[in-house]
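> Residue numbers (UniProt numbering): 1 to 372.
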Amino acid sequence: MTRSRVGVVGVGSISDIFISNMIKRFHNLDVVGCTARNADHVRAKAEQFNIRAMTMDEMFADPTIDIIVNLTPTPVHYQIIKRALESGKHVYTEKSLTDNYPQAKELVLLSEEKGLRLGSAPDTFLGSGVQTAVAAVENGMIGEVTGFSVMLNRGLELLYETLAFIRQPGGGIGYDYGIYALTALFSILGPAAEVCGFSQTNRPVRRYQFETAPPHEDSYTIENENVMAAAIRMRSGVLGSVTFNGDSAFPDRPYISIQGTKGLLQLPDPNQFGGNVIFTQGVTDLGSIGTAGDQDPILPVHHRYAEDSRGIGVAEMAKAIEEHRPHRASATLATHLLELLDGIVSSSQSQRYARMESTFDKPEALTGQEIF
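Structure follows, in structure tokens:
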């Protein structure tokens with residue numbers, strides 16, 4: 001087995017689970033070092049995981065590093081990814097790929113021109129939950145797919161003060177949270193053709209509540225959308241709807257359903273790797289309508305990656321490079337979803353639906369036997 005050497009850019013809170021998994025769980029990865037703007041934070045993270053503390057220049061110039069894993073905030077993704085690609089490195093980035101579709105499209109073209117891989121989170125769709133649903137759909141369990149529904153809620157009021165990036169352009173409810181559900185669904189159903197929708201910012205100016213206010217400030221401004229709703233027509237002809245509400249109370253109560261001619265699937269929380277997939281058998285006679293769904297079975301788990309497996313997208317991409325095949329957490333999928341989210345915003349502004357120009361190849365289902 002070939003081990004790909006990895007350099008990590010960004011040492012924020014999400015880096016702990018990424019680095020830990022890449023060192024302890026995914027044996028085809030060799031984490032060499034980390035870097036970020038704050039040298040003290042870099043040294044602390046390097047000591048925590050016994051890896052090298054590096055400068056940006058050192059990391060991008062190191063010829064032994066194969067893959068850059070970018071864990072920085074979304075607003076700086078474009079510049080970090082572009083520099084890494086221009087340095088001859090494969091790149092896997094935290095979501096979202098960039099904070100807008102044109103920049104994402106540019107980076108995809110650059111990676112293709114240089115013959116390099118570009119992958120993007122979320123990689124939760126590679127977990128046992130979504131892959132169980134993939135197998136059910138591909139095996140015909142629910143018949144022909146005819147529709148889908150998504151409703152996500154999140155109490156961003158509790159997060160805005162400590163996670164400033166979710167108040168900035170490109171960090172809205174769809175881009176930061178809805179992207180998990182969209183990635184799960186589109187990995188099963190393929191690309192979209194058109195979208196129309198609404199987006200808005202409820203209470204854009206809010207007062208600090210939790211003693212996190214900078215000196216001489218008592219309020220902050222939300223510069224993105226915190227509520228989105230849309231109707232989507234897939235290229236297959238399937239119609240569906242999504243609602244992302246970031247102006248809700250906690251806790252999260254995600255609902256994702258795929259409807260077919262023979263049955264229904266309810267998917268688990270798309271922000272997690274595991275969870276139950278619930279199957280409802282369609283009734284075939286009038287007498288059964290009253291009892292339909294009384295004992296919906298939970299489908300058997302598809303494979304081993306049910307706990308927090310962040311970084312599996314990196315490991316799978318490294319294996320794909322070794323095997324000379326497409327990787328699953330692709331930049332083309334991520335770019336398509338950015339175009340879709342941008343399309344919801346533009347549709348809300350223009351009061352017209354947006355036609356999608358991008359597409360992607362639906363990722364191949366995992367067999368359930370993979371060990372990375």
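For every residue, glycine included, the Cβ atom is placed at its ideal position computed from N, Cα and C.
Contact check, G343 vs V130 under 8 angstroms by CB: the rounded distance?
Sequence index remark: in the sequence shown, residue 343 carries index 343 (1-based). Sequence index remark: in the sequence shown, residue 130 carries index 130 (1-based). That belief does not hold up - the Cβ atoms of G343 and V130 are roughly 23 angstroms apart, past 8 angstroms.
> By how many angstroms is the C-alpha of E94 removed from the C-alpha of L158?
Residue 158 sits at position 158 when you count from the first residue of the sequence shown. Residue 94 sits at position 94 when you count from the first residue of the sequence shown. Near 22 angstroms, if we compare the C-alpha coordinates of E94 and L158.
> Under three-state DSSP, which class holds D308?
Looking up residue 308 in the sequence shown gives position 308. If DSSP states are grouped into helix, strand and coil, D308 belongs with coil.
> First and last residue of the beta strand (DSSP E) that includes N70?
Stepping through the sequence shown from its first residue, residue 70 is reached at position 70. Here the beta strand (DSSP E) through N70 covers 67-70.
> Three or more C-beta pairs closer than 8 angstroms, one from the region 198-206 and one from the region 95-113: is that the case here?
Contact between the region 198-206 and the region 95-113 is absent, because fewer than three Cβ pairs lie under 8 angstroms.
> Are the region 253-269 and the region 161-175 in contact at 8 angstroms, needing three or more beta carbon pairs?
no
> Please report the residue range of the beta strand (DSSP E) in which V277 lies.
Looking up residue 277 in the sequence shown gives position 277. That residue, V277, is in no beta strand (DSSP E); it is neither H nor E in DSSP.
> In terms of DSSP beta bridges, what is E244 paired with?
The residue given as residue 244 occupies position 244 in the sequence shown. Checking the displayed sequence, the identity of residue 244 turns out to be Phe instead of Glu. Beta-bridge pairing links F244 to L152, M228.
> Enumerate in chain order the residues of its own chain whose CB-to-CB distance from S187 is below 6 angstroms, with the five nearest sequence positions on each side excluded.
Locating residue 187 in the sequence shown gives position 187, where the first residue counts as 1. Taken in chain order, the residues that qualify are F125, P363.
> Beta-carbon separation of P270 and A181 under 8 angstroms?
Reading the sequence shown from its first residue, position 270 is the one you call residue 270. Reading the sequence shown from its first residue, position 181 is the one you call residue 181. Yes; because the gap between Cβ atoms is below 8 angstroms, this pair is in contact.
> With distances taken between CB atoms, is the gap from V9 to M22 smaller than 8 angstroms?
As a first step, residue 9 is located in the sequence shown; it is residue number 9 there, counting from the start. As a first step, residue 22 is located in the sequence shown; it is residue number 22 there, counting from the start. In this structure, M22 does not lie closer than 8 angstroms to V9 by Cβ.
> Could you check which residue in R235, K45, I14, I68 has the C-alpha nearest to that of E86?
Within the sequence shown, numbered from 1, the residue matching residue 86 stands at position 86. When only C-alpha atoms are compared, the closest one is I68.
> With DSSP run on the structure shown, which of helix, strand or coil describes V130?
Working through the sequence shown from its first residue, we reach residue 130 at position 130. It is helical.
> Identify, in the order they occur along the chain, each residue of the same chain with its Cβ nearer than 6 angstroms to the Cβ of M234, setting aside the five sequence neighbours on each side.
Position 234 of the sequence shown holds residue 234. Once the five neighbours on either side are set aside, the close Cβ partners of M234 are L189, A192.
> Can you tell me the Cα-Cα spacing of N153 and N226, whole angstroms?
Locating residue 153 in the sequence shown gives position 153, counting from the first residue. Locating residue 226 in the sequence shown gives position 226, counting from the first residue. Whole-angstrom Cα-Cα distance: 10 angstroms.
> Can you tell me whether I222 is helix, strand or coil according to DSSP?
The sequence position of residue 222 within the sequence shown is 222, counting from 1. Here I222 sits in coil by DSSP.
> Pick helix, strand or coil for Y353, following the three-state DSSP scheme.
Looking up residue 353 in the sequence shown gives position 353. Correct three-state label for Y353: coil.
> Could you pull the start and end residues of the beta strand (DSSP E) that I256 belongs to?
Residue mapping note: residue 256 aligns to position 256 of the sequence shown, counting from 1. Under the DSSP assignment, I256 falls in the beta strand (DSSP E) whose first and last residues are 255-260.
> Runs of 4 residues minimum, wholly inside the region 42-97: which ones carry the alpha helix (DSSP H) assignment?
56-61, 77-86
> Put D296 into one of helix, strand or coil per three-state DSSP.
Residue 296 sits at position 296 when you count from the first residue of the sequence shown. DSSP places D296 in coil when its eight states are reduced to three.
> F49 to S120, Cα distance in whole Å?
Numbered from 1 along the sequence shown, position 49 holds the residue referred to as residue 49. Numbered from 1 along the sequence shown, position 120 holds the residue referred to as residue 120. Rounded to the nearest angstrom, the two C-alpha atoms are 23 angstroms apart.
> What residues are listed by DSSP as bridge partners for R233?
Against the sequence shown, residue 233 aligns to sequence position 233. Beta-bridge pairing links R233 to E194, L239.
> Would a C-beta distance cut-off of 8 angstroms place S96 and I179 closer than the cut-off?
Residue 96 sits at position 96 when you count from the first residue of the sequence shown. Residue 179 sits at position 179 when you count from the first residue of the sequence shown. Contact: yes.
> Thinking C-beta only, is D218 closer than 8 angstroms to R206?
As a first step, residue 206 must be located in the sequence shown, where it is residue number 206. As a first step, residue 218 must be located in the sequence shown, where it is residue number 218. The answer is no: Cβ separation not under 8 angstroms.
> What's the C-alpha gap between residue 399 and I222?
Nothing about residue 399 can be read from this structure; the chain reaches only from 1 to 372.
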